[in-house]
Structures are given as C-alpha cells and as structure tokens.
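Asks: Residue numbers (the working numbering), protein chains in the order written: chain P, 1 to 244; chain Y, 1 to 222. Idealized CB from N, CA, C, for every residue including glycine. Since we're looking at a predicted model, the values are computed, not measured.
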Amino acid sequence: MNWFKYSSPQTFFPLAGKLAPWFGVLAAITCAAGLYLGFFVAPTDAQQGDAYRIIFIHVPAAWMSMFLYLVMAFWAGLGLAFNTRLSGMMASAVAPTGALFTFLALWTGSLWGKPTWGTWWVWDARLTSELILLFLYFGFMALQAAIDDPRRADKAGAVLALVGVVNIPIIYFSVKWWNTLHQGASVSLTKAPTMAATMLTGMAVMAFGFWFYSIAAALTRARCIMLERERASEWVGDYARRSA
Amino acid sequence: MLAALRCVIYRDLLLAVRRSSDVLTVLLFFVIVVSLFPLGVGPDPALLRTIAPGVIWVAALLASMLALNRMFASDHADGTLEQMLLGATPLGMTVAAKILAHWVISGLPLVLISPVLALQFDFPREFLWTLTLSLAFGTPVLSLIGAIGAALTLGLRGAGALLSLLVLPLYVPVLIIGAGAADAAVSGLGGQAQLLLLGALLVFAGAFAPWAAAVALRISTE
Numbered sequence: 001m002n003w004f005k006y007s008s009p010q011t012f013f014p015l016a017g018k019l020a021p022w023f024g025v026l027a028a029i030t031c032a033a034g035l036y037l038g039f040f041v042a043p044t045d046a047q048q049g050d051a052y053r054i055i056f057i058h059v060p061a062a063w064m065s066m067f068l069y070l071v072m073a074f075w076a077g078l079g080l081a082f083n084t085r086l087s088g089m090m091a092s093a094v095a096p097t098g099a100l101f102t103f104l105a106l107w108t109g110s111l112w113g114k115p116t117w118g119t120w121w122v123w124d125a126r127l128t129s130e131l132i133l134l135f136l137y138f139g140f141m142a143l144q145a146a147i148d149d150p151r152r153a154d155k156a157g158a159v160l161a162l163v164g165v166v167n168i169p170i171i172y173f174s175v176k177w178w179n180t181l182h183q184g185a186s187v188s189l190t191k192a193p194t195m196a197a198t199m200l201t202g203m204a205v206m207a208f209g210f211w212f213y214s215i216a217a218a219l220t221r222a223r224c225i226m227l228e229r230e231r232a233s234e235w236v237g238d239y240a241r242r243s244a
Numbered sequence: 001m002l003a004a005l006r007c008v009i010y011r012d013l014l015l016a017v018r019r020s021s022d023v024l025t026v027l028l029f030f031v032i033v034v035s036l037f038p039l040g041v042g043p044d045p046a047l048l049r050t051i052a053p054g055v056i057w058v059a060a061l062l063a064s065m066l067a068l069n070r071m072f073a074s075d076h077a078d079g080t081l082e083q084m085l086l087g088a089t090p091l092g093m094t095v096a097a098k099i100l101a102h103w104v105i106s107g108l109p110l111v112l113i114s115p116v117l118a119l120q121f122d123f124p125r126e127f128l129w130t131l132t133l134s135l136a137f138g139t140p141v142l143s144l145i146g147a148i149g150a151a152l153t154l155g156l157r158g159a160g161a162l163l164s165l166l167v168l169p170l171y172v173p174v175l176i177i178g179a180g181a182a183d184a185a186v187s188g189l190g191g192q193a194q195l196l197l198l199g200a201l202l203v204f205a206g207a208f209a210p211w212a213a214a215v216a217l218r219i220s221t222e
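#1: Taking 8 Å as the threshold (C-beta atoms), are Y/MET93 and Y/LEU5 in contact?
#2: Once DSSP output is grouped into helix, strand and coil, what is the label at P/GLY113?
#3: Return the CA-CA distance between P/SER65 and P/PHE208, expressed in angstroms with no decimal places.
#4: In the structure shown, what three-state DSSP assignment does P/LEU181 receive?
#5: So, at 8 Å on beta carbons, what are the nonlocal neighbours of P/THR108 in its own chain, with the 5 sequence-adjacent residues on each side left out?
#6: What's the gap between the Cα of P/TRP112 and the Cα of Y/ALA214?
#7: Is DSSP giving Y/GLY79 helix, strand or coil here?
#8: Do Y/LEU189 and P/VAL163 have their C-beta atoms closer together than 8 Å?
#9: Could you check whether Y/ALA150 and Y/LEU281 sit closer than 8 Å to each other, using their CB atoms as the reference points?
#10: Contact criterion: CB-CB distance below 8 Å. Does P/LEU136 meet it with respect to chain Y?
#11: On the criterion of 16 or more Cβ atoms from any shown chain inside 10 Å, does P/ARG241 qualify as buried, or is it exposed?
#12: Three-state secondary structure (DSSP) at P/GLY49?
#13: Going by C-alpha distance, which of P/PHE173, P/TRP123, P/ALA156, P/MET206 is nearest Y/ALA212?
#14: Whose Cβ in chain P lies nearer than 7 Å to the Cβ of Y/PRO169?
#15: Which residues bound the alpha helix (DSSP H) around P/TRP235?
#16: Classify Y/LEU156 as helix, strand or coil using the three-state DSSP reduction.
#17: Taking 8 Å as the cut-off, does the segment 156 to 169 of chain Y touch the segment 131 to 139 of chain Y (at least 3 CB pairs, one atom from each stretch)?
#18: Nearest-angstrom Cα distance between Y/THR25 and P/ASP149?
#19: Can you pull the chain P neighbours of Y/LEU166, defined as C-beta to C-beta under 8 Å?
#20: Measure the C-alpha to C-alpha separation of Y/SER220 and P/ARG151 and round it to an integer number of angstroms.
#21: Using 10 angstroms around the beta-carbon of Y/ASP12, count the other beta-carbons present and answer buried if the total reaches 16, otherwise exposed.
#22: Does the separation of the CB atoms of P/SER110 and P/ILE225 fall below 8 Å?
#23: Count the other CB atoms within 10 Å of the CB of Y/ILE228; is the residue buried (16 or more) or exposed (fewer)?
#24: Spatial neighbours of Y/TRP103 within its chain, please: CB distance less than 6 Å, with the 5 preceding and 5 following residues excluded, ordered by chain position.
#25: Between Y/PRO173 and chain P, is the shortest Cβ-Cβ distance under 8 Å, so that the two count as touching?
#26: What ranges does the alpha helix (DSSP H) occupy inside the segment 151 to 199 of chain Y, keeping only unbroken runs of at least 4 residues that lie completely in it?
#27: Would you kindly check if the distance between the Cβ of P/GLY98 and the Cβ of P/SER87 is under 8 Å?
#28: Can you check whether the CB of P/LEU100 is closer than 8 Å to the CB of P/VAL165?
#29: When Cβ atoms are compared, which residues of the segment 51 to 65 of chain Y fall closer than 9 Å to chain P?
#30: Which whole-angstrom value is the C-beta distance of Y/LEU217 and Y/PHE72, which I expect to be below 8 Å?
#31: Go through its chain and collect everything with a Cβ distance to P/GLN144's Cβ below 7 Å, but skip five positions before and after it.
#32: Check each candidate in P/ALA28, P/ALA81, P/ARG223, P/PRO21 and name the one with the smallest Cα separation from P/VAL94.
#33: With a threshold of 7 Å on Cβ separation, who are the neighbours of P/LEU189 within its own chain once the five nearest residues in sequence on each side are excluded?
#34: With a Cβ-Cβ cutoff of 8 Å, do Y/VAL106 and Y/VAL55 count as a contact?
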C-alpha cells in the first residue's frame with residue numbers, strides 16, 4: 001500500500017469528504033452516551049453534589065486542548081521538514097478546534113469554580129497555563145491570517161507552533177511553582193483512580209466523543225482550505241462543475 | 001567568522017549611537033510606565049514596596065517588545081538582510097550577533113536604570129542587586145525569544161500588534177521567574193534559585209533561539 005497516495009490535496013479531498021460524516025456521526029453517538037453516563041448513571045459526589053457533573057465536559061475539553069496543540073505542531077513540523085502542502089493545511093485546520101476546546105475548558109472551569117471554590121477565576125497554575133495556551137492558539141491563527149502567501153503562512157506558523165511546543169512545559173512548570181490551588185490530577189496512569197468507575201467511564205467516553213468531533217471538524221475545515229488554495233487547479237474546477 | 005560577527009555588532013551599535021533618540025525612546029518608555037503605577041494604585045509605601053519587582057519587570061517586558069520591531073526591519077528595508085542571508089557566515093551566528101547588539105542597545109540601559117526606579121518604590125536597598133541581576137539575566141532572554149517573533153512578522157502589515165500577540169505568551173516564564181527572584185529575596189528565601197533558573201533559560205534560549213530566528217528569517221524573505 002502506498003502511504004503517500006493521500007498526501008496530495010487532490011486524492012485527500014474525496015477521502016476527507018467520505019470520512020468526515022462518519023466521524024461526525026460517531027461524535028454525536030459517543031457524546032450522547034457520555035452525557036447520559038455523566039448526568040444519569042454516575043453517582044452524585046459526596047462533597048460537591050451535582051455541581052461536579054461539569055467534569056464530563058471540562059476534563060475531556062482540557063485534554064483535547066493540549067493534545068490538539070501537539071497534533072497541530074506535529075503537522076506543522078512535518079510540513080516544515082518535508083515541504084508538503086497538505087501538512088500545513090492540516091495544521092491550520094486543527095488550530096480553531098484546539099482554540100475552541102481551550103476556551104471550553106476555561107469556561108466550564110470557571111462555571112465549576114463558582115460553586116466549589118466560590119470564585120469565577122483564580123490565578124492558579126492550571127488555569128493560567130490554559131489561558132496562555134489559548135493565547136498561543138490565537139497567536140498561531142493571527143500570524144497565519146496576517147500573511148497573504150499561504151506557503152509562507154504555513155512555514156511561519158510551523159516555526160511558531162514548534163517554539164510554542166518547546167515552551168509549553170517551561171510555561172507549565174513556571175506557573176506551577178508560582179501558585180497552585182487546583183486539585184491534583186484526578187486521573188493518573190500510575191495510581192489507582194480516586195473516583196468511581198462510572199465517572200471515569202463517562203469521562204473516557206466523552207473524551208472519545210470530543211476526539212471524533214475534532215477529527216470531523218478538522219477534516220471538514222481542511223476540505224475548505226484545500227478548495228480555497230487549490231482553486232487554480234483542474235480538479236477543483238471539475239469538482240465545482242460537478243457540484244454546480 | 002569572528003571578524004564578521006564583530007563587524008555586525010560594531011555596525012549595529014554605531015547605527016544606534018548615530019540615532020540615539022531611538023535608544024532613548026525605549027528607555028523613557030520604561031521609566032514612564034514604571035512611574036505611572038504609583039499614580040494608578042496610590043502612593044502607599046507598603047503597597048509600592050510589594051509590587052515594585054512585578055511592575056519593573058512588566059515594564060521591562062513591554063519596553064523590550066517595543067524595541068523588537070527595529071531588530072531586522074531597517075536591514076530588511078535597505079537590502080542588508082539579504083546580503084547577510086547570502087553571506088558565508090552561518091546565518092544563526094549573524095542573528096546571534098544582531099541579538100547581542102540589540103540587547104546592548106535596548107536591554108542593558110533598562111538593567112542599569114532599574115535600581116534607581118526601584119528606589120522610587122522604596123524597595124529595600126539590600127535586595128536591589130537581586131532585582132538588577134534578575135533583569136541582567138532575563139532581558140537577554142527577552143531579546144532572544146523576541147528575535148523569533150520579529151523575524152516571523154518581518155514586513156507584515158500590522159506587525160507591531162501581531163508581534164505582541166506572538167511574543168508576550170512566550171515571555172511568561174521569564175516574567176514569573178524574574179519577578180519571583182526579587183520577591184523571594186524580600187521574603188527571606190533568597191533569590192538564588194530563581195537566578196539560576198533564569199541563567200538556565202538564558203543558556204537554553206541562547207543556544208536555540210538564534211537558530212530558530214534564522215529559519216524564520218529565511219521563511220520571511222524567500
């Protein structure tokens with residue numbers, strides 16, 4: 001099998017068009033299942049009551065926000081190293097979804113903080129580093145938007161994304177030493193989980209739902225970017241005539 | 001190669017001396033921003049003493065960002081930058097020399113004047129050296145990280161505002177550790193740990209940032 005068959009926009013465009021709806025449907029099913037588990041099956045927390053249930057959106061969104069930055073940097077780095085067009089398009093397609101999940105994590109965190117900590121916002125390590133992550137996403141998108149030549153925009157964005165990846169651990173630890181109030185990580189691979197199994201399942205299902213959503217959204221956005229950038233090519237002309 | 005680097009540094013410094021108003025503007029900006037804070041938060045000496053390191057550090061961050069635009073812009077406008085890209089000296093080295101010259105012009109004056117500004121805030125005199133030393137270690141890191149942003153936004157419209165969006169989030173660790181050094185010294189913990197961390201950041205950024213800025217310059221000028 002030729003792995004590079006789908007590395008050109010012309011062959012990837014129809015594939016993305018076929019895959020995106022499937023991932024969209026999967027996302028809808030898993031999100032619905034995750035929300036059902038979270039709202040109806042998982043037990044009420046002894047200390048926080050029902051307020052804790054926002055965890056089923058908050059924690060998976062925070063996971064995705066960090067993971068998608070790595071995905072974005074991976075595609076950007078690949079584009080910079082091998083000078084492939086499609087990688088840069090994928091990086092630009094992932095960025096808005098990553099920013100969306102970062103914002104969602106901050107917003108739900110603030111809604112959760114009010115009943116449990118008694119405040120909408122604290123300058124705590126994780127909140128602050130998540131906020132800085134949002135700024136990094138905005139910086140990446142603003143830089144790409146400011147450059148007219150798409151190839152230069154891809155490469156400049158790639159350098160910025162890679163510099164950001166190197167910086168994220170430094171930012172995280174510096175903010176952590178600076179101040180901390182956030183509870184320690186509830187889910188760890190090395191320790192036994194400190195929460196009920198149904199809560200953990202609900203969170204995992206929601207995480208898969210967000211994952212599928214991200215893939216569907218990124219593929220759909222990548223399709224638009226491909227059409228826009230390759231508008232001078234023959235296959236886009238054929239596609240436009242066929243769908244007209 | 002060293003001769004070429006010496007030449008780049010000498011040239012940038014000479015240009016700065018001939019247009020000394022540019023250097024003074026950044027320095028005055030720094031002084032004015034720091035002086036605005038007592039007017040905003042009130043002249044209570046106890047409050048001013050506690051916020052002094054943070055205020056001076058944030059002002060230094062903004063002042064060094066204000067100067068970044070000039071790092072490559074004039075060389076780009078008159079074609080000197082293209083000659084540097086084509087030259088035999090490795091571009092990373094040339095960029096490192098330019099960053100060093102830029103720090104001497106825009107960072108070093110801030111470091112030197114910071115003790116005077118700290119006295120305005122009634123900052124304890126025995127800890128002044130910690131604050132000054134933290135700025136001496138930290139401002140070169142700002143110039144190094146800023147060089148990447150300056151190279152990426154070279155020749156773009158609205159480069160100034162964009163540059164701040166790109167660079168300020170990356171400045172966060174330097175700000176936290178730098179302002180933390182003086183705070184720790186005042187609280188009796190001693191600022192050595194933070195100063196060592198700043199030194200580590202300086203070594204790390206000094207090794208990689210010129211190289212990344214060189215890559216960004218090639219992208220911006222191709």
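Replies: Straight from the coordinates:
#1: yes
#2: helix
#3: 13 Å
#4: Interpretation of P/LEU181 is limited by its pLDDT of 48, a score under 50 that renders its predicted location unreliable; the figure taken from the coordinates is listed afterwards. Reduced to three states, the DSSP call for P/LEU181 is coil.
#5: ILE54, ILE57, HIS58, ALA61
#6: P/TRP112 and Y/ALA214: Cα-Cα distance of roughly 45 Å.
#7: coil
#8: no
#9: Residue 281 of chain Y lies beyond the range of chain Y shown here (1 to 222); nothing can be said about it.
#10: yes
#11: exposed
#12: strand
#13: Out of P/PHE173, P/TRP123, P/ALA156, P/MET206, the CA that lies nearest to the CA of Y/ALA212 is found in P/ALA156.
#14: ILE132, PHE135, LEU136, GLY139
#15: 234 to 243
#16: coil
#17: The segment 131 to 139 of chain Y vs the segment 156 to 169 of chain Y: no contact.
#18: Here the alpha carbons of P/ASP149 and Y/THR25 stand approximately 34 Å from one another.
#19: Those within 8 Å of Y/LEU166 in chain P are GLY139, ALA142, LEU143, LEU160.
#20: Taking the straight line from one Cα to the other gives about 11 Å.
#21: buried
#22: Taking 8 Å as the Cβ cut-off, P/SER110 and P/ILE225 do not qualify as a contacting pair.
#23: Coverage of chain Y is limited to positions 1 through 222, which leaves residue 228 of chain Y absent and any answer about it impossible.
#24: PRO140, SER143
#25: yes
#26: 159 to 186
#27: no
#28: no
#29: none
#30: 7 Å
#31: Cβ neighbours of P/GLN144 beyond the five flanking positions: SER92, ALA153, GLY157.
#32: P/ARG223
#33: With a pLDDT of 49 at P/LEU189, under the threshold of 50, the modelled position of this residue cannot be trusted, and the question is left open.
#34: One detail in the question is off: residue 106 of chain Y reads as Ser in this sequence, not Val. Result no, Cβ atoms of Y/SER106 and Y/VAL55 do not sit closer than 8 Å.
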